[in-house]
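Numbering (full-length UniProt numbering), first residue to last: 1 to 258.
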């Protein structure tokens, strides 16, 4: 880092990490390690001020033990003074910074920083529209592992006003691929039922290609027609309803766009 106190984030994104000596946890010293990545598909021309970025994390994480920030080989390193605060940041994923998703991964001692895989991230997903006779643990497990790597199931969640039953899952998702938006199930003597996925705390998202980091207006990606499961139903586009916080109409009556 030069003396200007600024660093630039290019189109590939910057990686920020929390570094510490894991052997020091028992001694009350710096602890576990986190590897983090801010994937930005849109180019940021204006350099980010180091102090400004630090203030963002200080406000979001509120580390009572302090937070140190430095650059190492083009990557930002954040050091917490206690392991509890590290765990808090890790367990509160996903995080969003300046509208973009922040990938946070543990940094094992036996791998180099550049070897830490930053292509997946956990999201809480509401699986909405399943008929009662399909809302089984086995089916939910199958759905979760189809989306990505199932981490946890919460069977208590229901949709708005209880009108649409939802299963709530926590899934590790490959964020370098389009986000699955749902699937169709066949019912005997009835039309296919569309099962929608709704993502909690979804950051900047493209309703055109289904990727994080940009909006449809600036999208230059093409949809792979072979991805039948993700794009089940050719006439069913991504809509704002994919955000769990969105309270508009069901996607069947929502126009596409963002």
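All C-beta atoms in this analysis are idealised placements derived from N, C-alpha and C, irrespective of residue type, glycine included.
Since this is a predicted model, take the numbers as computed values, not measurements.
- Around the beta carbon of residue 202, 16 or more other beta carbons lie within 10 angstroms, which makes this residue buried.
- Note on the stretch 57-112: whole beta strand (DSSP E) runs with a minimum of 3 residues are 67-72, 75-80, 95-97 and 100-106, in chain order.
- With a threshold of 16 other beta carbon atoms within 10 Å, residue 58 falls short and is exposed.
- Residue 106 and residue 180 have their alpha carbons spaced roughly 25 Å apart.
- Setting aside the 5 residues that flank it on each side, residue 99 is surrounded in the same chain by 203 and 204, each with a C-beta closer than 8 Å to its C-beta; the list follows chain order.
- Relative to the Cα of residue 122, the nearest Cα in the group 110, 128 and 103 belongs to 103.
- Boundaries for residue 120: no alpha helix (DSSP H) harbours it, while the beta strand (DSSP E) harbouring it runs 120-128, taken from the DSSP string.
- The Cβ-Cβ distance between residue 185 and residue 131 falls below 9 Å.
- In the DSSP assignment, residue 153 falls within the unbroken beta strand (DSSP E) covering 149-154.
- Its chain contains 172 as the residues whose beta carbon lies nearer than 6 Å to that of residue 149, once the 5 sequence neighbours on both sides are disregarded; these appear in chain order.
- Nearest in C-alpha terms to residue 177, of all of 166, 147 and 241, is 147.
- With 16 or more neighbouring CB atoms inside 10 Å of its own CB, residue 94 falls in the buried class.
- Per DSSP, the unbroken beta strand (DSSP E) holding residue 184 starts and ends at 182-185.
- Residue state for residue 221 is assigned as coil, using DSSP reduced to three classes.
- Residue pairing for residue 215: DSSP places it in no beta bridge.
- Under the three-state reduction of DSSP, residue 175 is assigned to coil, being neither helix nor strand.
- Shown here, residue 134 sits in a helix according to DSSP, grouped into three states.
- Looking at the DSSP output, residue 201 sits in no beta bridge, so it has no partner there.
- With 16 or more neighbouring CB atoms inside 10 Å of its own CB, residue 199 falls in the buried class.
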